[in-house]
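Peer 1:
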Amino acid sequence: MTKRILCTGAGGPAGINFVKSLKVAPENLYIVGTEANGHYLHTMSTDAKYLVPKAKDSSYIDRLNEIIRKEKIDFLHAQPDVEVEIISEQREKIDAPMFLPSKRAVIACQDKLASANAWKSKGIPVARTIVIRQESDVDRAFAELGSPIWIRATRGAGGRGSTPAGNRETAVSWINYWRARNVDWEFIAQEMLPGRNIAFHSLWRNGELVTSMARERLEYIYAYLAPSGIMGTPAVQRTVHDDTVNKISTEAVLAIDSDFTGIASVDLKENCEGVPCVTEINPGRMFTTSFFFSYASKVVFNDYRINIPYLYTKLAYKEDLPELEKYNPLPADVYWIRHMDAPGCLVKDNKLLGAMYV
Numbered sequence: 062m063t064k065r066i067l068c069t070g071a072g073g074p075a076g077i078n079f080v081k082s083l084k085v086a087p088e089n090l091y092i093v094g095t096e097a098n099g100h101y102l103h104t105m106s107t108d109a110k111y112l113v114p115k116a117k118d119s120s121y122i123d124r125l126n127e128i129i130r131k132e133k134i135d136f137l138h139a140q141p142d143v144e145v146e147i148i149s150e151q152r153e154k155i156d157a158p159m160f161l162p163s164k165r166a167v168i169a170c171q172d173k174l175a176s177a178n179a180w181k182s183k184g185i186p187v188a189r190t191i192v193i194r195q196e197s198d199v200d201r202a203f204a205e206l207g208s209p210i211w212i213r214a215t216r217g218a219g220g221r222g223s224t225p226a227g228n229r230e231t232a233v234s235w236i237n238y239w240r241a242r243n244v245d246w247e248f249i250a251q252e253m254l255p256g257r258n259i260a261f262h263s264l265w266r267n268g269e270l271v272t273s274m275a276r277e278r279l280e281y282i283y284a285y286l287a288p289s290g291i292m293g294t295p296a297v298q299r300t301v302h303d304d305t306v307n308k309i310s311t312e313a314v315l316a317i318d319s320d321f322t323g324i325a326s327v328d329l330k331e332n333c334e335g336v337p338c339v340t341e342i343n344p345g346r347m348f349t350t351s352f353f354f355s356y357a358s359k360v361v362f363n364d365y366r367i368n369i370p371y372l373y374t375k376l377a378y379k380e381d382l383p384e385l386e387k388y389n390p391l392p393a394d395v396y397w398i399r400h401m402d403a404p405g406c407l408v409k410d411n412k413l414l415g416a417m418y419v
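62 is the number of the first residue of the sequence shown in the working numbering; add one for each residue after it.
If you want it as structure tokens, here you go:
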């Protein structure tokens, strides 16, 4: 019987890449997509598509259940952070199975301050952090962390509310700017981490790592438009083999929940001594460019050994998996190069691997 999968946020980049990954899987899947933005319904390549209210709307869960019943959905994947948050908290009210981390794990991961404190208590490398509640906290941050410091919101994806600040005026003005826009964000100051920007994509079942792959973000799409120089998704990235990254990322996930289940997308940044420090974990959802590994798996090995969206759905359906490498299943230095309105390019040793993928 054909699996019937619902992906929320299917018209955004991360949802699109999740669906692409399932489209190159070795079985036909019936995929339904939902979107809160009516324009993005047209970007979806799902078998069916539906407009839904925003996740925090009181009618959101009821609308999802209407779609689930109509389409006979037997698995739901929530992609955007806000939808992961709402669906996780109200999972008992949803008429379809999911493969999410525990409620406690989702809450802890989506709060950057709470997660940083959890890692610090376990001796896991993390940037030194100071909560900014008043202007005197900014002075304390510069005194204790040096200059520049990194200002960021405690919640949200894509570098929300983040910028480097080299002096008190910049830091205070930045925070006041956002507060003047009536956002309810809380801010923290952290030590500047100048080294490599690493992402560790991992799949878990009951506290056991199923498989993972690390990559380094090298360039961002339109980075010059962000004060921080960091946007929500990279234009150039490459696979990396790094035992320290693998060890720290694994420990960071288990520090949140020793029985972690589902997706853990771990972000790390190296400090001035080259130590990878965990900056956040995105729980329950894929990194934006999940198709990078899925396509590389198909092109390099002609299988699905690191098609994490597909492996994740198989686990959700309680199916057996082939023997998988827990770390480094793809070769090092495979590049994924992409840009707006351009096909993704898989490159190794400066040579194109396979065809460019639209």
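Glycine is no exception: its CB is placed at the ideal position from the N, C-alpha and C atoms. Since the structure is predicted, the reported quantities are computational estimates derived from the model, not experimental observations.
Distance check for Trp397 and Leu254, CA to CA, integer angstroms please.
Peer 2: So the two alpha carbons sit approximately 24 Å from each other.
Peer 1: Can you tell me where the beta strand (DSSP E) with Ser326 in it begins and where it stops?
Peer 2: From DSSP, the beta strand (DSSP E) with Ser326 extends over 323-331.
Peer 1: Looking only at its chain, what residues have a beta carbon closer than 8 Å to the beta carbon of Leu414, apart from the 5 residues adjacent to it on each side?
Peer 2: Cβ neighbours of Leu414 beyond the five flanking positions: Ala357, Val360, Val361, Val395, Leu407, Val408.
Peer 1: Measuring alpha carbon to alpha carbon, tell me which of Thr311, Asn237, Ile324 ends up nearest Ile369.
Peer 2: Closest option to Ile369, Cα to Cα, is Ile324.
Peer 1: In the DSSP assignment, what are the bridge partners of Ala139?
Peer 2: Partner(s): none; Ala139 has no beta bridge.
Peer 1: Between which two residues does the alpha helix (DSSP H) carrying Ile29 extend?
Peer 2: Since the first residue of the chain shown is 62 and the last is 419, residue 29 is not available in this structure.
Peer 1: If I'm right that Ile66 touches Thr104 with Cβ under 8 Å, what's the distance once you round it to whole angstroms?
Peer 2: With a Cβ gap of about 18 Å, Ile66 and Thr104 do not count as contacting.
Peer 1: If we ignore side chains and look at the alpha-carbon of each, how far apart do Val199 and Ala71 end up?
Peer 2: Approximately 39 Å, taken between the alpha carbons.
Peer 1: Nearest to Ile236 by CA position, among Ile259, Val80, Trp211, Ser351, is which residue?
Peer 2: The option with the nearest alpha carbon to Ile236 is Trp211.
Peer 1: Identify, in the order they occur along the chain, each residue of the same chain with its Cβ nearer than 8 Å to the Cβ of Val80, setting aside the five sequence neighbours on each side.
Peer 2: Counting only Cβ-Cβ distances below 8 Å, and skipping sequence neighbours, we find Cys68, Ala71, Ile92, Gly94, Met105, Ser106, Thr107.
Peer 1: Whole angstroms is fine: what's the gap from Leu206's alpha carbon to Ile342's?
Peer 2: Each residue's alpha carbon lies about 23 Å from the other.
Peer 1: Label Met62 either buried or exposed according to how many other C-beta atoms from any shown protein chain fall within 10 Å of its C-beta, with 16 as the threshold for buried.
Peer 2: Answer is exposed; the Cβ neighbour count stays below 16.
Peer 1: Mind checking which residues open and close the beta strand (DSSP E) that includes Tyr111?
Peer 2: 109-112 is the span of the beta strand (DSSP E), which, as asked, contains Tyr111.
Peer 1: Measuring straight from C-alpha to C-alpha, what distance separates Ser319 and Arg152?
Peer 2: Roughly 21 Å between the two C-alpha positions.
Peer 1: Just to confirm my understanding: we take Thr300, look at its own chain, exclude 5 residues before and 5 after, and list those with CB closer than 6 Å. What are they?
Peer 2: For Thr300, where only same-chain residues beyond five positions count, the Cβ hits under 6 Å are Arg276, Leu391, Ala393, Val395.
Peer 1: Taking only three categories from DSSP, how would you classify Lys400?
Peer 2: Per the sequence presented here, residue 400 reads as His, with Lys not at that position. Reduced to three states, the DSSP call for His400 is coil.
Peer 1: Leaving out five residues before and five after Ala86 in sequence, what residues of the same chain have Cβ atoms less than 7 Å from its Cβ?
Peer 2: These residues qualify, in order along the chain: Tyr365, Asn368, Tyr371.
Peer 1: Give every residue of the same chain whose Cβ lies closer than 7 Å to the Cβ of Val297, excluding the five residues on either side of it in the sequence, and list them in chain order.
Peer 2: Leu279, Glu280, Tyr396, Ile398.
Peer 1: Candidates Glu269, Thr231, Ser310: which alpha carbon is nearest Cys338's?
Peer 2: Nearest option by C-alpha distance: Ser310.
Peer 1: Buried or exposed for Met401, going by 16 or more other Cβ atoms inside 10 Å?
Peer 2: The residue is exposed, with fewer than 16 neighbouring Cβ atoms inside 10 Å.
Peer 1: Tell me whether Asn89 sits in a helix, a strand or coil according to DSSP, three-state version.
Peer 2: Three-state result, Asn89: coil.
Peer 1: Going by alpha carbons, who is nearest to Ile282 out of Ala188, Pro141, Thr350, Leu385?
Peer 2: Among Ala188, Pro141, Thr350, Leu385, the Cα nearest to that of Ile282 belongs to Thr350.
Peer 1: Tell me the DSSP bridge mates of Ala214?
Peer 2: Its beta-bridge partners are Phe248.
Peer 1: Can you tell me whether Val113 is buried or exposed? The criterion is at least 16 other CB atoms within 10 Å of its CB, across all chains shown.
Peer 2: The residue is buried, with at least 16 neighbouring Cβ atoms inside 10 Å.
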